[in-house]
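Trainee: Please read through the structure below; I'll follow up with questions.
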Amino acid sequence: MNRKSLFYTAIAIASSAIAIASGALVLAGYFFTQKANGQTSLLTQIRLTLLNWAIILAGFAIFIGIFSMLQVHFKKIQGKQKGSVYSLLLVISLAATFLFGLIKPGQVEIVFTTFQLPVESSLMALLTITLTYASIRLLRRRLNLLSIIFLVTALLILLGTAPLPFVGDLPGFSDWVRPFIAQVMAAAGARGILLGVALGTLTTGLRILFGADRPYGGNR
Amino acid sequence: MIIWLGLAGFGVVFFSAAMMVVFLLLQRKAPSVFRDIPALTRLRQAVGLVVEDGSRLHISLGHGAITTPQSASALAGLALLRRLADLTSAGDQPPIATSGDGTLAILSQDALQAAAKFSDRAAFDPTTGRLTGLTPFSYAAGAIPAIRDENVSANLLMGNFGVEVALLTDAVERENAFVLAGSDNLTAQAVIYACAQEPLIGEEIYAAGAYVESGPLHAASLIVQDILRWLIITVILVGALLALAGVL
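Listed below in structure tokens is the structure:
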């Protein structure tokens, strides 16, 4: 083993040790929040300190991520790739927002309410059409009982939610069918799925604590 | 009361960890056989196709921040990214990873760099792991060009998404590419069921690692998940019966 690979191995071991120890301390801090006399435990204080460090690091990560995004778009502009006009627009918008933030730091939210919010609302509106079209295609893609139940449920919920012109709420659908589906059947299903997700989250966390999944340090 | 709740939570985690170790040891004697999840079977075929036709694999990790509980699905996606980057290392082009969080973008770069280091591929390109936007819709809008313009034939959407995931699946459909999608978010799961070719529902997203042979601990964790699920079912049924009987 040469010196370089020895260095990388040492880095991998150190990063794994730090990550596992930090994870174990944060986890323990969640469970043992109080001492017997009611005071905040040392583990909780350590947990809060580590989480504060993580939040600061996440802030820097956003900064690095934006540089990475700029790198991607500069590469597109330089290579005159497809859609490079949009990349140019993104770079100009980013620079303009940054300058506006420097000049008028208290009013930077104007940029978001004037530009970002309407654009995102338009995308949301576009989504309505996308979802309607996807629902129509669902039966072509997967013609089975579950897909039929899915579509019938969606239709029943829509009939119970949207009042019809001149008729208003549909009797039976608005006051019985929709609440029954949403509050009994869908709620039961959702709880089942959420329990599954919680179990998956638990085992994913444990795999990271064991060092089997290492989304840091890169090496195996 | 808080102390007892904490102890109970610690007990569940410790019990799960102990079972994982036990099943890890048992795995070495007799590997487990899992139920067939069609989406994950087709993923393997799609990954094989990516290598054969020289196209790209795209993994979208969502926008769950690493300091929130929503990061677990993205961490599962990152583990899968690393494994799939290894599997596609014989291909012409490295995979690309898009995310809506700065930390996830850095972690995806790290996973791709590690995979590039272990393969004989030329220098690592840091733009293969990228941040595409910081709000859900800007993230989706930024990821669409990656799906459309970078010779991608297989897409994996695994992480914390909202309804905006429909925009991504729609972009994939327009390219006639493969898409497998899963999320920890309930609304996104409903959207994914309607829009994606291959949806992963519930905890299936966390099982993906075991199905692409990421390691024996993945398989052990899947068995533990099954055991815990049966325990919860038993507790709910017993609780309901006791409530019916008027004991609780």
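These protein sequences, in sequence, are chains A and B.
Taking my numbering, the leading residue of the first sequence gets -7, the next gets one more, and so forth.
Taking my numbering, the leading residue of the second sequence gets 5, the next gets one more, and so forth.
Backbone N, C-alpha and C fix where the C-beta goes; we use that ideal spot for every residue, glycine too.
Pairs of beta-carbons, one from the stretch 175 to 188 of chain B and one from the stretch 10 to 26 of chain B, closer than 8 Å: are there three or more?
Mentor: In short, these stretches do not touch, since the Cβ pair count stays below three.
Trainee: Alpha carbon to alpha carbon, how far is Gln63(A) from Ser76(A)? Give it in angstroms, no decimals.
Mentor: Within the first sequence, the letter at position 84 stands for residue 76(A). Within the first sequence, the letter at position 71 stands for residue 63(A). Taking the straight line from one Cα to the other gives about 13 Å.
Trainee: Could you round the C-beta distance between Val156(B) and His62(B) to whole angstroms and report it? I think they count as a contact, below 8 Å.
Mentor: Counting from 1 along the second sequence, the entry for residue 156(B) is found at position 152. Counting from 1 along the second sequence, the entry for residue 62(B) is found at position 58. With 8 Å as the limit, Val156(B) and His62(B) qualify as a contact, their Cβ atoms being about 4 Å apart.
Trainee: Relative to the C-alpha of Pro149(B), which residue among Ser79(A), Leu(-2)(A) and Gly160(A) is closest?
Mentor: By 1-based counting over the second sequence, the position of residue 149(B) is 145. That would be Ser79(A), whose Cα lies nearest to the Cα of Pro149(B).
Trainee: With 8 Å set as the bound, which would you pick, yes or no: does the beta-carbon of Leu198(A) sit closer than that to a beta-carbon of chain B?
Mentor: By 1-based counting over the first sequence, the position of residue 198(A) is 206. It does; some Cβ of chain B falls within 8 Å.
Trainee: According to the neighbour-count rule (16 or more other Cβ atoms, all chains shown, within 10 Å of its Cβ), is Arg206(A) buried or exposed?
Mentor: Here the question's residue 206(A) lines up with position 214 in the first sequence. It is buried - the Cβ of Arg206(A) has at least 16 other Cβ atoms within 10 Å.
Trainee: Go ahead and pull the three-state DSSP assignment for Arg206(A).
Mentor: Walking along the first sequence from the start, residue 206(A) turns up at place 214. Coil.
Trainee: Could you name the residues that DSSP lists as bridge partners for Ser187(B)?
Mentor: For the purposes of this step, residue 187(B) is identified with residue 183 of the second sequence, where counting begins at 1. Its beta-bridge partners are Gly163(B).
Trainee: For Asp114(B), which residues from the same chain have a beta carbon less than 8 Å from its beta carbon, with the 5 sequence-adjacent residues on both sides left out?
Mentor: Sequence index remark: in the second sequence, residue 114(B) carries index 110 (1-based). Closer than 8 Å at the Cβ level, and outside the excluded window around Asp114(B), lie Gly133.
Trainee: Residues of chain B with CB closer than 8 Å to the CB of Ala133(A), please, in chain order.
Mentor: Your numbering for residue 133(A) matches position 141 in the first sequence. Here the sequence assigns Arg to residue 133(A), which means Ala is not the residue at that position. Within chain B, the residues near Arg133(A) are Gln201.
Trainee: Can you grab the Cα-Cα spacing for the pair Gly81(B) / Met162(B), in whole Å?
Mentor: Position 77 of the second sequence, counting from 1, holds the residue named residue 81(B). Position 158 of the second sequence, counting from 1, holds the residue named residue 162(B). Near 5 Å, if we compare the C-alpha coordinates of Met162(B) and Gly81(B).
Trainee: Starting from Asp57(B), find everything on chain A with Cβ-Cβ shorter than 9 Å and list it in chain order.
Mentor: One-based indexing of the second sequence puts residue 57(B) at position 53. Within chain A, no residue comes near Asp57(B); the closest Cβ sits about 20 Å away, beyond 9 Å.
Trainee: Return helix, strand or coil for Leu123(A), following the three-state DSSP convention.
Mentor: Here residue 123(A) is taken as the residue at index 131 of the first sequence, counted from 1. Residue state, collapsed to three classes: helix.
Trainee: In this structure, does DSSP put Pro98(B) in helix, strand or coil?
Mentor: Indexing the second sequence from 1 puts residue 98(B) at position 94. Reduced to three states, the DSSP call for Pro98(B) is coil.
Trainee: How many angstroms separate the CA atom of Ser123(B) from the CA atom of Met116(A)?
Mentor: For the purposes of this step, residue 123(B) is identified with residue 119 of the second sequence, where counting begins at 1. For the purposes of this step, residue 116(A) is identified with residue 124 of the first sequence, where counting begins at 1. Cα-Cα distance, rounded: 41 Å.
Trainee: Please list, in chain order, the chain A residues whose beta carbon lies closer than 8 Å to that of Phe19(B).
Mentor: Within the second sequence, the letter at position 15 stands for residue 19(B). Here the premise fails: no neighbours, minimum Cβ distance about 11 Å.
Trainee: DSSP on Gly250(B), reduced to helix/strand/coil?
Mentor: By 1-based counting over the second sequence, the position of residue 250(B) is 246. Note: Gly250(B) maps to coil in three-state DSSP.
Trainee: At the level of alpha carbons, what is the spacing between Leu135(A) and Leu91(B)?
Mentor: Against the first sequence, residue 135(A) aligns to sequence position 143. Against the second sequence, residue 91(B) aligns to sequence position 87. One C-alpha to the other measures close to 32 Å.
Trainee: Roughly how many whole angstroms lie between the Cα atoms of Leu226(B) and Ile41(B)?
Mentor: Taking the second sequence and counting its residues from 1, one reaches residue 226(B) at position 222. Taking the second sequence and counting its residues from 1, one reaches residue 41(B) at position 37. The alpha-carbon atoms of Leu226(B) and Ile41(B) are separated by roughly 13 Å.
Trainee: In the DSSP assignment, what are the bridge partners of Leu109(A)?
Mentor: Looking up residue 109(A) in the first sequence gives position 117. Note: Leu109(A) sits in no beta bridge, so no partner.
Trainee: Cα-Cα, which of Ser112(B), Pro130(B), Val26(B) and Ser75(B) is closest to His65(A)?
Mentor: Walking along the first sequence from the start, residue 65(A) turns up at place 73. Among Ser112(B), Pro130(B), Val26(B) and Ser75(B), the Cα nearest to that of His65(A) belongs to Pro130(B).
Trainee: Alpha carbon to alpha carbon, how far is Ala147(B) from Gly243(B)?
Mentor: In the second sequence, counting from the first residue as 1, residue 147(B) sits at position 143. In the second sequence, counting from the first residue as 1, residue 243(B) sits at position 239. For Ala147(B) and Gly243(B), the distance between alpha carbons rounds to 46 Å.
Trainee: Would you be able to state if there are at least three C-beta pairs under 8 Å between the stretch 182 to 202 of chain A and the stretch 202 to 210 of chain B?
Mentor: Touching, yes.
Trainee: Can you give me the start and stop residues for the beta strand (DSSP E) that His67(B) sits inside?
Mentor: To locate residue 67(B), count along the second sequence from 1; it is residue 63. Looking at the DSSP string, His67(B) is not in any beta strand (DSSP E), and its letter there is neither H nor E.
Trainee: Output the boundary residues of the beta strand (DSSP E) element that contains Gly133(B).
Mentor: One-based indexing of the second sequence puts residue 133(B) at position 129. Taken as a continuous stretch (DSSP letters only), the beta strand (DSSP E) holding Gly133(B) covers Gly133 to Leu135.
Trainee: Taking 8 Å as the CB-CB cut-off, is Met24(B) touching chain A?
Mentor: Position 20 of the second sequence, counted from the first residue, corresponds to residue 24(B). Yes, because at least one Cβ of chain A sits closer than 8 Å to the Cβ of Met24(B).
Trainee: Just to confirm my understanding: we take Thr71(B), look at its own chain, exclude 5 residues before and 5 after, and list those with CB closer than 7 Å. What are they?
Mentor: The count along the second sequence starts at 1 and reaches residue 71(B) at position 67. So the list is empty, once near-sequence residues are dropped.
Trainee: Any heavy atom of the ligand FMN closer than 7 Å to the Cβ of Ala115(B)?
Mentor: Judged by which ligands are present, the structure shown has none, so any question about the ligand FMN falls away.
Trainee: Hey, quick one: how far does the beta strand (DSSP E) through Glu202(B) stretch, first residue to last?
Mentor: Along the second sequence, read from residue 1 onward, the residue named residue 202(B) stands at position 198. Glu202 to Leu204 is the extent of the beta strand (DSSP E) around Glu202(B).
Trainee: Could you spell out where the alpha helix (DSSP H) holding Gly98(A) opens and where it closes?
Mentor: In the first sequence, residue 98(A) corresponds to position 106, counting from 1. It is not in any alpha helix (DSSP H) - Gly98(A) carries neither H nor E in the DSSP assignment.
Trainee: Just verifying my parser: in three-state terms, what is the DSSP assignment at Gly160(A)?
Mentor: Locating residue 160(A) in the first sequence gives position 168, counting from the first residue. Strand.
Trainee: Could you tell me the alpha carbon to alpha carbon distance between Trp168(A) and Val167(B), rounded to whole angstroms?
Mentor: Position 176 of the first sequence holds residue 168(A). Position 163 of the second sequence holds residue 167(B). Answer to the nearest angstrom: the Cα atoms are 27 Å apart.
Trainee: Taking the alpha carbon of Pro199(B) as the reference point, which residue from Ile121(A), Ser166(A), Leu156(A) and Ala182(A) has its own alpha carbon closest?
Mentor: Residue mapping note: residue 199(B) aligns to position 195 of the second sequence, counting from 1. In the sequence as presented, Pro is not what sits at residue 199(B); that position holds Cys. When each option's Cα is compared against that of Cys199(B), the closest is Ile121(A).
Trainee: Apart from the five residues on each side of it in sequence, which residues of its chain come closer than 6 Å, Cβ to Cβ, to Arg46(B)?
Mentor: Locating residue 46(B) in the second sequence gives position 42, counting from the first residue. Excluding positions up to five away in sequence, the list reads Glu202.
Trainee: Contact check, Leu119(A) vs Leu79(B) under 8 Å by CB: the rounded distance?
Mentor: Numbered from 1 along the first sequence, position 127 holds the residue referred to as residue 119(A). Numbered from 1 along the second sequence, position 75 holds the residue referred to as residue 79(B). Contact flag wrong, Cβ pair sits at about 27 Å.
Trainee: What residue range does the alpha helix (DSSP H) around Thr25(A) cover?
Mentor: Indexing the first sequence from 1 puts residue 25(A) at position 33. Run containing Thr25(A): none; DSSP gives neither H nor E here.
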